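Notes follow the structure.
There are 2 protein chains.
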Amino acid sequence: MADHSVTVENTLQVLLSEKKYTTIRDIMVTMNPADIAAVFSGVETEKLPLLFRLLPKELAAESFVEMESDQQEALIRGISDSELRQVMDELYVDDAVDIVEEMPANVVQRILAQSDPEMRKEINEILQYPENSAGSVMTTEYVKLSPNMTVGDAILRIRRTGVDKETIYTCYVLDNRLLVGTVSVKSLLLAPNDLQTIDSIMDTSLITVTTHTDQEEVAQMMSKYNLLAIPVVDGDNRMVGIVTFDDAMDVMEDEVTEDMEIMAGMTPSDKTYLKSSPVDLFKHRIPWLALLMVSATFTGLIITSFEEALAAQVALTAFIPMLMDTGGNSGSQSSVTVIRAISLNELDFSDLPKVIWKEIRTAALCGICLAVLCFCKIMLVDRLLLQNEDITVLVAAVVCLTMAITIICAKIVGCSLPMLAKKLGFDPAVMASPFITTIVDALSLLVYFGIACALLPGLR
Amino acid sequence: MADHSVTVENTLQVLLSEKKYTTIRDIMVTMNPADIAAVFSGVETEKLPLLFRLLPKELAAESFVEMESDQQEALIRGISDSELRQVMDELYVDDAVDIVEEMPANVVQRILAQSDPEMRKEINEILQYPENSAGSVMTTEYVKLSPNMTVGDAILRIRRTGVDKETIYTCYVLDNRLLVGTVSVKSLLLAPNDLQTIDSIMDTSLITVTTHTDQEEVAQMMSKYNLLAIPVVDGDNRMVGIVTFDDAMDVMEDEVTEDMEIMAGMTPSDKTYLKSSPVDLFKHRIPWLALLMVSATFTGLIITSFEEALAAQVALTAFIPMLMDTGGNSGSQSSVTVIRAISLNELDFSDLPKVIWKEIRTAALCGICLAVLCFCKIMLVDRLLLQNEDITVLVAAVVCLTMAITIICAKIVGCSLPMLAKKLGFDPAVMASPFITTIVDALSLLVYFGIACALLPGLR
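Residue numbers (the numbering used here), protein chains in the order written: chain E, 1 to 460; chain L, 461 to 920.
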C-alpha cells in the first residue's frame, strides 16, 4: 500500500503534462485524502488550483486538511473567495484552527472572512486557549443529547445533525450545559427498546479534561481508557468540546519527537527535517552545544590540576576516554529509562528511594562485570599483545576500580536528576545523555585521579 | 481526574478491611475498568477473587483485560472454572490472545479449556502469526456485510450481531471472503434512504495491511489515514481480521519506548521499570556497555601512540574531554534527528546526499560559532583568569580548529550511519549517541593530534 501513492503520483504527473484532466479526476476520486495530499506536494504551485478544482467538494476539503501548510497557503492564494468559502464550509472547526495557526495574517483574514459567522466565532474562541492545551486541539462540534430523550429520538437527532460532527460514535448527554453522561452509538443501536430514555442507558463514569489540560496528558488518558473522544470541560464543569483519537495520535507523535530532540540536546522544532534549513537546524542545536562546551571547562580544570600526576604516569591518559564514555553510557541508560517511565506515568517522585536502590544494585552488577572484563582486556591486549610496559598491574587495578565506582555514581546521577527535574517543574527530558555525560565526565576524572594518587607510588 | 483513582483506592482498602462488600460493589460499578485494575494492583493476591466476584460480569471482564499479567495469573488461579468461563465469554479475541501470551503453560491450558470452541480456534490461529505482526495484534471479530444488502438490513444485522464485536463503527463489505469496501456506521445512519444497497454507499478506496505487516507500520498507517480500525488480509487478499485504534495507540507507545531504549544503548525490555529486577536491568544494559568499553581500546591506542606529544605539551590533555564531548553531542544531535525522521517515514535512503549536504552546512555554522566561542573562553578563562602559561595562542588555535573539524566529521557520521543501517536492514536506532560517541571520540583524537603535530613546534 505504501508504494501505491508513489506510482500513481508518477502517472498523474504524466497525465497532468498531457492535460488529461478527466482521467486525472477519475483516478483521484478513488484515492484517499492523505495520498492525494502527497500527490499535491509533488506538483508545481501554479498547477495546484487546477488540480484542486477537479476534486469533488468534500474530497477537496479532506485533502486540503492533509496538505503541508506552505501548499495550503499557495492554494488559498490561488483560488477564488467563493471556492475558499466552499472549502471552509466542509472543514471541522479543529482542522480550520490548525490551518489558521500556520497562515500569515493576510491569509487568515481571508479565511475568516469566508467562514460562516458561527465557525468564525468558534475559531476565535479556540485560538484563545494556550498552545498545547486541550482547548487548543479540541473541536466544538459534537453530538449533544438530553437525559430524558428516548433512544429513538437520539438516533433521529444523530441522523439529522450528524453530518457536521467529527465523530458521532460517542454522544454527550448534557443537562443545562453540564455533562452528565456519555452514550455510544453502539449502545444506542444495541438498546433492546427504542422507547428507553437516554439516562437509563448512559455511562455516568465520566472521564473529562479541562480546557487547560496539557495535550500530552489528554493523549495519555485517551490511550489509558481506550477512548475515541474525550470531553473537554471549562472551570465550571460545563462542556465546551471534545478531542478526537486522530488528534491524540498526532499529539503522541509530536510529543515523542519533542522528547527525543530535547534528550539529544536540541530545542524542539515544529518543522520536519527536510523542511528545516541549515540555519534553522543551527539555531535549534547551538544553545546546548555551547552550554555543554563551556561546562566542559570543569573537566579541563580537573585535568590541569592533576597535570603533574599525568606527566609522571602518561599511561593514565590513555584510559580517560574509556572511563568517561563508559560512565556516560551507564548514566544515559539510567536517565533515559527513568525519563521514559516518568512520561508514561509509571514513576512518581515518591518512588525516588526505590529507584536509587534499584539503580545501585544494577550498577554494582554492571560495575563488577565491566571491571573484571576491563582488567582482562588490559592484561591481554595492552600488556601481552601490545607490550606496553607502562601499564602495570597496579595501573590496571586503578582503572578497573575507577570504572566500578564511576558506573555506580553515573547510575545514581542518571536516575535521580530526571526525577528531581520533574519535581522542580522542569522537563525531565533535559536530563538525558548530553547533560548527564558532562556531569559524569567530571565525576569520573575526580574518582580516577583520587584513586590513582592514593594507590600509585610516586604520584602523591 | 488523575487523582480520582488514588483517593478511591484508599477508601476501598479501608472498606475491604472492614468487610463492607456492598459498599465496595456500589463504588466499583461507577468506576472505569482501567481505574478498577489500578485498585486491584494494590490489593493482596488472596483478596483478588473476592473483590473480582463483586463486579458485574461485563465490568469484571473489562477490568480483567486492564490488569497486570501477574495479577491476571493470580486471579485465574483463584477463581473457579465456571467463573473463568464467564470471563472468557466476555473477552474479545485479541485481548484473550494478549493474556494467553503472558501466562505459563498450565494456566493457558485452563484458559483454552474454558473458552468456547470458536474462540479457542481463533486464539490458536492468531498465536501462529509472528510476534509484532498485524496478525498477532488483530481481532477476528468484526461486522461483515454483503454488497447487495440494503442499508436497513445492514443496520438490523449490526443490532443483532454487534454486541460481540470490538468495533461496529467500521463495517467490512465482503464478496466471497474478498474485501471489496468499507462502510461506516455514520454513513449507514446518515444514508437518506434505507433501501439503498451497501455497494452504492461503500468506500472502495481500501487501505489494508497483511497479516505479516509489522505492527509499527500498522500503527503509522492508522495514524496517517485517521482510521478507527484497519482491515488485515491474507496473501490471497481474503479478509482475516482488523486492528483497532486502541491497540495501535498501545503499539505506538511500546515502539517509542523500544526506540528510546535502543538509542540509549540498551536491549529493549517488555517489563515496566518498577517490575524489572536489578538482574533484569543488568542483562539489558551490560551487552552494549561491554561492547562500547572494548571499542574504546582504539581511542586508548590513539592516545598511547601520541604519548610523547602529550608529554611534551601536557596542556593538550586538558582539552581532550571537551573536544570529545562536543563532538559526541554534535553527532548525537544529527543521528537522533535522522533516526526520528526515518521512523516517521520522512526520510528515505535516496535522500542521503541531500541530508549530508544539509548537515555539512549546519555543522559549518555550529563549528565556526563554537570555535570562536571556545577561543574566547580559552583566552579569557584559561589564560587571563587562571593564568595558565602553558596555553599559548597557538595551543588555543589548535583546539579551536580541531573543534570545528570534529563537529563537521561528527555530523556527517551522525546523519549517515542511521540511514546506512536502515538500508542494510538494521534498526537505525542502534546508531544513536553511544555508538556515534565512540566513533567520534576516535575521530576527534586523530584530528586533534594530527593538527597539533602539524602546527605546534617541537611535537613533530
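Cβ atoms here follow ideal geometry from the backbone N, Cα and C, with glycine treated the same way. Note that this is a predicted model, so its numbers are computed, not measured.
task = Give the DSSP-derived three-state secondary structure of Leu179 of chain E in the structure shown.
result = As a first step, residue 179 of chain E is located in the first sequence; it is residue number 179 there, counting from the start. Correct three-state label for Leu179 of chain E: strand.
ask   = In three-state DSSP terms, what is Asp3 of chain E?
value = Locating residue 3 of chain E in the first sequence gives position 3, counting from the first residue. Any reading at Asp3 of chain E must be qualified, since the residue scores a pLDDT of 44, below 50, and its modelled position is unreliable; no value is offered.
message = To be precise: take each residue of the stretch 353-365 of chain E, compare its Cβ to all Cβ atoms of chain L, and keep it if any distance is under 7 angstroms. Which residues remain?
response = Listed in sequence order: Lys358, Arg361, Thr362 and Leu365.
Pairwise C-alpha distance: Asp250 of chain E and Val693 of chain L = Stepping through the second sequence from its first residue, residue 693 of chain L is reached at position 233. Stepping through the first sequence from its first residue, residue 250 of chain E is reached at position 250. Taking C-alpha positions only, Val693 of chain L is separated from Asp250 of chain E by approximately 26 angstroms.
task = State buried or exposed for Ala573 of chain L, treating a residue as buried only when at least 16 other CB atoms are found within 10 Å of its CB.
result = Locating residue 573 of chain L in the second sequence gives position 113, where the first residue counts as 1. Flag for Ala573 of chain L reads exposed.
Expected contact under 8 angstroms - CB spacing of Asp576 of chain L and Ile722 of chain L to nearest Å = Here residue 576 of chain L is taken as the residue at index 116 of the second sequence, counted from 1. Here residue 722 of chain L is taken as the residue at index 262 of the second sequence, counted from 1. Contact check for Asp576 of chain L and Ile722 of chain L: beta-carbon distance about 41 angstroms, past the 8 angstroms limit, so the pair fails to qualify.
query = Would Ser501 of chain L count as contacting chain E if we go by Cβ distances under 9 angstroms?
reply = Taking the second sequence and counting its residues from 1, the one referred to as residue 501 of chain L is at position 41. Closer than 9 angstroms: no.
query = How about Gln215 of chain E: is its C-beta nearer than 9 angstroms to some C-beta of chain L?
reply = Sequence index remark: in the first sequence, residue 215 of chain E carries index 215 (1-based). Between Gln215 of chain E and chain L, the shortest Cβ-Cβ separation is not below 9 angstroms.
Own chain partners of Leu347 of chain E with C-beta closer than 6 angstroms, once the 5 adjacent residues on each side are dropped = Start at 1 with the first residue of the first sequence, and residue 347 of chain E comes out as number 347. Sequence-distant Cβ neighbours of Leu347 of chain E in its own chain, meaning closer than 6 angstroms and more than five residues away, are Ala341.
request  = Give the single residue among L:Ile868, L:Ser794, L:Val798 and L:Leu844 whose Cα lies nearest to the Cα of Ala824 of chain L.
outcome  = Indexing the second sequence from 1 puts residue 824 of chain L at position 364. Ranking the options by Cα distance to Ala824 of chain L, first place goes to L:Ile868.
request  = Would you mind listing the alpha helix (DSSP H) stretches within the stretch 737-768 of chain L that are 4+ residues and don't spill past its ends, in chain order?
outcome  = If we require 4 residues or more, the alpha helix (DSSP H) runs fully inside the stretch 737-768 of chain L come out as 738-755 and 757-765.
key: Inter-residue spacing [alpha-carbon to alpha-carbon] between Leu840 of chain L and Ile378 of chain E   = By one-based count along the second sequence, residue 840 of chain L stands at place 380. By one-based count along the first sequence, residue 378 of chain E stands at place 378. About 40 angstroms.
Chain-order list of residues whose beta-carbon lies under 7 angstroms from that of Gln196 of chain E (same chain, five-residue window excluded) = The residue given as residue 196 of chain E occupies position 196 in the first sequence. Cβ neighbours of Gln196 of chain E beyond the five flanking positions: Thr150 and Val151.
task = Taking all protein chains shown into account, decide if Trp288 of chain E is buried (16 or more other Cβ within 10 angstroms of its Cβ) or exposed.
result = What you label residue 288 of chain E is simply residue 288 of the first sequence in a count that begins at 1. Per the 10 Å Cβ criterion, buried.
task = Please check if any C-beta of chain E sits within less than 9 angstroms of the C-beta of Met753 of chain L.
result = In the second sequence, counting from the first residue as 1, residue 753 of chain L sits at position 293. Contact with chain E is found for Met753 of chain L, since one of that chain's Cβ atoms lies less than 9 angstroms from the residue's Cβ.
message = Output needed for Leu455 of chain E: all residues of its chain with C-beta closer than 6 angstroms, excluding positions within five of it in sequence on either side, in chain order.
response = Counting from 1 along the first sequence, the entry for residue 455 of chain E is found at position 455. Within the same chain, Leu455 of chain E has close Cβ partners Val398.
Pro231 of chain E, enclosing alpha helix (DSSP H) - first and last residue = Sequence index remark: in the first sequence, residue 231 of chain E carries index 231 (1-based). Taken as a continuous stretch (DSSP letters only), Pro231 of chain E belongs to no alpha helix (DSSP H), being part of the beta strand (DSSP E) at Ala229 to Val233.
query = Near Leu401 of chain E, what residues of its chain come up, given a Cβ to Cβ distance below 6 angstroms and the 5 sequence neighbours on each side ignored?
reply = Along the first sequence, one-based indexing puts residue 401 of chain E at 401. Correct list, in chain order: Ile451.
query = Which whole runs of the alpha helix (DSSP H) in the stretch 379-433 of chain E are 4 residues long or more, in chain order?
reply = Unbroken alpha helix (DSSP H) stretches of 4 residues or longer found wholly inside the stretch 379-433 of chain E: 393-423, given in chain order.
request  = Note down the Cα distance separating Val669 of chain L from Thr7 of chain E, rounded to an integer number of angstroms.
outcome  = Taking the first residue of the second sequence as position 1, residue 669 of chain L is located at position 209. Taking the first residue of the first sequence as position 1, residue 7 of chain E is located at position 7. In a straight line, the C-alpha of Val669 of chain L is about 18 angstroms away from that of Thr7 of chain E.
query = From Met720 of chain L to Leu417 of chain E, what distance separates their C-alpha atoms?
reply = Working through the second sequence from its first residue, we reach residue 720 of chain L at position 260. Working through the first sequence from its first residue, we reach residue 417 of chain E at position 417. Met720 of chain L and Leu417 of chain E have their alpha carbons spaced roughly 18 angstroms apart.
query = Are Lys882 of chain L and Leu274 of chain E close, meaning C-beta to C-beta below 9 angstroms?
reply = Start at 1 with the first residue of the second sequence, and residue 882 of chain L comes out as number 422. Start at 1 with the first residue of the first sequence, and residue 274 of chain E comes out as number 274. In this structure, Lys882 of chain L sits away from Leu274 of chain E, with a CB-CB distance that is not shorter than 9 angstroms.
message = Any beta carbon of chain L sitting closer than 9 angstroms to that of Gly450 of chain E?
response = Along the first sequence, read from residue 1 onward, the residue named residue 450 of chain E stands at position 450. Answer no: the Cβ-Cβ gap between Gly450 of chain E and chain L never drops below 9 angstroms.
ask   = Per DSSP, what kind of secondary structure is Lys625 of chain L in: helix, strand or coil?
value = Stepping through the second sequence from its first residue, residue 625 of chain L is reached at position 165. Three-state DSSP puts Lys625 of chain L in coil, outside helix and strand.
ask   = At least one CB of chain E closer than 9 angstroms to the CB of Cys869 of chain L: is that the case?
value = Taking the second sequence and counting its residues from 1, the one referred to as residue 869 of chain L is at position 409. Cys869 of chain L does not count as touching chain E.
message = Check this for me: beta carbons of Glu90 of chain E and Ala60 of chain E, under 9 angstroms apart or not?
response = Looking up residue 90 of chain E in the first sequence gives position 90. Looking up residue 60 of chain E in the first sequence gives position 60. It is a contact, given that the beta carbons lie within the stated cut-off.
Local Cβ density within 10 Å of Gln847 of chain L, reported as buried at 16 or more and exposed below that = If you number the second sequence from 1, residue 847 of chain L lands on position 387. Result: exposed.
ask   = If contact means a Cβ-Cβ distance below 7 angstroms, which residues of the stretch 421-436 of chain E contact chain L?
value = Result list: Ser433 and Pro434.
ask   = How would you list, in chain order, the residues of chain L whose beta-carbon sits under 8 angstroms from the beta-carbon of Val381 of chain E?
value = Within the first sequence, residue 381 of chain E is the residue found at index 381, counting from 1. The answer, in chain order, is Thr757.
task = Could you tell me if Ser330 of chain E is buried or exposed, where buried requires 16 or more neighbouring beta carbons within 10 angstroms of its beta carbon?
result = Within the first sequence, numbered from 1, the residue matching residue 330 of chain E stands at position 330. By the neighbour-count criterion, in which 16 or more other beta carbons inside 10 Å mark a residue as buried, Ser330 of chain E falls on the buried side.
message = List, in chain order, every chain E residue whose beta-carbon is nearer than 9 angstroms to that of Lys837 of chain L.
response = In the second sequence, the residue the question calls residue 837 of chain L occupies position 377. Here the neighbours are Met293, Val294 and Thr297.
request  = Spell out whether any CB of chain E is found under 9 angstroms from the CB atom of Ser575 of chain L.
outcome  = Here residue 575 of chain L refers to the residue found at position 115 of the second sequence. Put simply, the CB of Ser575 of chain L is far from chain E, with every gap to its CB atoms at 9 angstroms or more.
task = Answer yes or no: do Met239 of chain E and Leu179 of chain E have a C-beta to C-beta separation smaller than 9 angstroms?
result = The count along the first sequence starts at 1 and reaches residue 239 of chain E at position 239. The count along the first sequence starts at 1 and reaches residue 179 of chain E at position 179. Their beta carbons are under 9 angstroms apart, which means Met239 of chain E touches Leu179 of chain E by this criterion.
Within chain A, partners of Thr257 of chain E - CB distance below 7 angstroms = No chain A is part of this structure, whose protein chains are labelled E and L.
inquiry  = Quick check on Ala462 of chain L: buried or exposed, where buried means 16 or more other Cβ atoms within 10 Å of its Cβ?
reply    = Here residue 462 of chain L is taken as the residue at index 2 of the second sequence, counted from 1. Per-residue confidence for Ala462 of chain L stands at a pLDDT of 42, beneath the threshold of 50, marking its modelled position as unreliable; the derived number appears in the next sentence. It is exposed - the Cβ of Ala462 of chain L has fewer than 16 other Cβ atoms within 10 Å.
query = Just checking, does the stretch 26-38 of chain E make contact with the stretch 55-69 of chain E on the three C-beta pairs under 8 angstroms criterion?
reply = Touching, yes.
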